[in-house]
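Take a look at the structure set out below.
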Amino acid sequence: MPERRTLLRSLLAGATLALPLAPRGIAQIADAPAPDFPGIADWLNADVPPSLAALRGRVVLIDVWTYSCINCRRTVPSLNRLQAEYGVAGLQVIGIHTPEFGFERQRPDVEAAVRSLGIRFPVGQDNGFQSWRAWGIRAWPSFLLLDQTGRIVLRREGEGHMGEIEAAIRALLGLPPGAAGRAAAEDPDLSGIRTPEIHFGARGGPASAAYALDGRWSKEAEALVLRSAEGGLRLRFHAAKLHLVCAAPEPAALRVVVDDGTPATVTVERPTLYTLYDGESYAEHRIEVRATAPGLTLYSATFG
1 MPERRTLLRS LLAGATLALP LAPRGIAQIA DAPAPDFPGI ADWLNADVPP SLAALRGRVV
61 LIDVWTYSCI NCRRTVPSLN RLQAEYGVAG LQVIGIHTPE FGFERQRPDV EAAVRSLGIR
121 FPVGQDNGFQ SWRAWGIRAW PSFLLLDQTG RIVLRREGEG HMGEIEAAIR ALLGLPPGAA
181 GRAAAEDPDL SGIRTPEIHF GARGGPASAA YALDGRWSKE AEALVLRSAE GGLRLRFHAA
241 KLHLVCAAPE PAALRVVVDD GTPATVTVER PTLYTLYDGE SYAEHRIEVR ATAPGLTLYS
301 ATFG
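Just so it is clear: in the sequence shown, position 267 is 267 by the UniProt record's numbering, and no numbers are missing.
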């Protein structure tokens, strides 16, 4: 089982791998040849399947992501901007979608996510984790920057690295360093998040003390499934936002109450990420989620 993206919490404050200094203004460098794109079942946003051989001579930024991951979703605007601004100078962004959950393997659902997120670069489906393993990926999202000879010169995990990545891209393209400040400003400040991501399935480890359940639930490999006619989730968290990866067999109106406030309704159906609380400031919160029909499936809770 690959590492969850909770690994990123300890890396967000400027993750640095033990790599030697690089020339031409690139802060750190892996200096390793990249394999091509092994195991890609399908390509989206591409008339011709990309290959590293065909991209030789261009700088390539590989984004390994999955569509239910809020950390991945938040980087899309920056990636689109990098492609738009530096594509003419020799940059190509490539997305590799490697599914965290089983429901993320279906092409129509990945296509829908690519459209809704507005992704404007090629995306390959790595359903068998072959590219993930070949590149030594550990978490969602991960970024690999390749120079014009196809060698990996920078690896980063999680959010908070777009300023560094843009500076490295400019250095590889022979551009002056001063204009990379916009990407740094786009990096979110996640220092106020004090609750780690929660995975509700058996593979996610023991139950977190942060949440409690009402009703009868079964614990599956990837999720908790409500088996009784009704049930609920009570969760304490310290963050500004709460996102729930969940699903229901039929459209289900969940009753959501935050901090004993006015109840709100969130309709859940297909498995994906739903925002249950979208606040502006970091604080301690309590949320109660109530379902009035069996089948609600809880995969994970993530915070922002």
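Every residue, glycine too, gets a C-beta built ideally from N, C-alpha and C.
Using a Cβ-Cβ distance cut-off of 8 Å, the region 204 to 211 and the region 248 to 262 are not in contact, since fewer than three pairs of beta carbons, one from each stretch, lie closer than that value. The beta carbons of Gly201 and Glu230 sit no closer together than 8 Å.
Rounded to the nearest angstrom, the gap between the Cα atoms of Cys246 and Leu175 is 44 Å.
Rounded to whole angstroms, the separation of the alpha carbons of Ala239 and Pro263 is 19 Å. The beta-bridge partner set that DSSP reports for Glu284 consists of His238. Residue state for Glu104 is assigned as helix, using DSSP reduced to three classes. Fully enclosed alpha helix (DSSP H) runs of no fewer than 4 residues occupy 162 to 172, 181 to 186 of the region 145 to 231, in order along the chain. For Leu144 and Glu100, the gap between their C-alpha atoms comes out near 19 Å. Spanning the alpha carbons of Val153 and Ala171 requires a straight line of approximately 11 Å. Secondary structure at Val48: coil, using DSSP grouped into helix, strand and coil. Under the three-pair Cβ rule at 8 Å, the region 103 to 121 does not count as touching the region 183 to 193.
Membership of Tyr299 in the beta strand (DSSP E) is indicated by the continuous run 297 to 303. In the structure shown, Asp278 adopts extended strand secondary structure according to DSSP, grouped into three states.
Residue Thr275 holds the alpha-carbon nearest to the alpha-carbon of Val289 among Ser218, Tyr282, Gly163, Thr275. In the DSSP assignment, Arg138 falls outside any alpha helix (DSSP H) and carries neither an H nor an E.
One alpha carbon belongs to Glu269, the other to Val76, and they sit about 24 Å apart. Around the beta-carbon of Ala139, 16 or more other beta-carbon atoms lie within 10 Å, marking it buried.
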